[in-house]
Amino acid sequence: MLQLELPPIDALLLCFGPLAVTIIGFVVFAAATDGAARRTYLRRLDMRTEDEAPEVLPPVITERVDAQTPSGARVTLIPPGESTDGNGQVISS
């Protein structure tokens, strides 16, 4: 009759230890870097239908604006009067 013995604990740690460290490290890394996914700008906050919601007009840029996007990129918004083609521009820096 075949008898199977459990491997010693150090053999289990040697085999599954690196796997556990990798999985736990990935979960910790994902949780630490996933703050952007919980930001409200990625969600639709107004639950009304398009018919119920008021009309939202695009913002009008009247002067040059230096801004930072939610992802951290720096941009410069140029109004239509100052751009070369008269349509306004966005310059990434």
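Its first residue numbered 3, the sequence shown is counted upward by one per residue in the working numbering.
We treat Cβ as the ideally placed atom computed from N, Cα and C, and that holds for glycine.
Every value quoted in this text rests on a predicted model; they were computed, and no experiment measured them.
Residue i versus residue j: straight-line alpha-carbon distance, rounded
i, j, result
"residue 79", "residue 15", "57 Å"
"residue 19", "residue 35", "24 Å"
"residue 61", "residue 69", "14 Å"
"residue 66", "residue 76", "13 Å"
Sheet register partners of residue i (DSSP bridge)
i, result
"residue 5", "Note: residue 5 sits in no beta bridge, so no partner."
"residue 76", "70"
When the options are compared against residue i, the one with the closest alpha-carbon
i, options, result
"residue 64", "25, 21, 82", "82"
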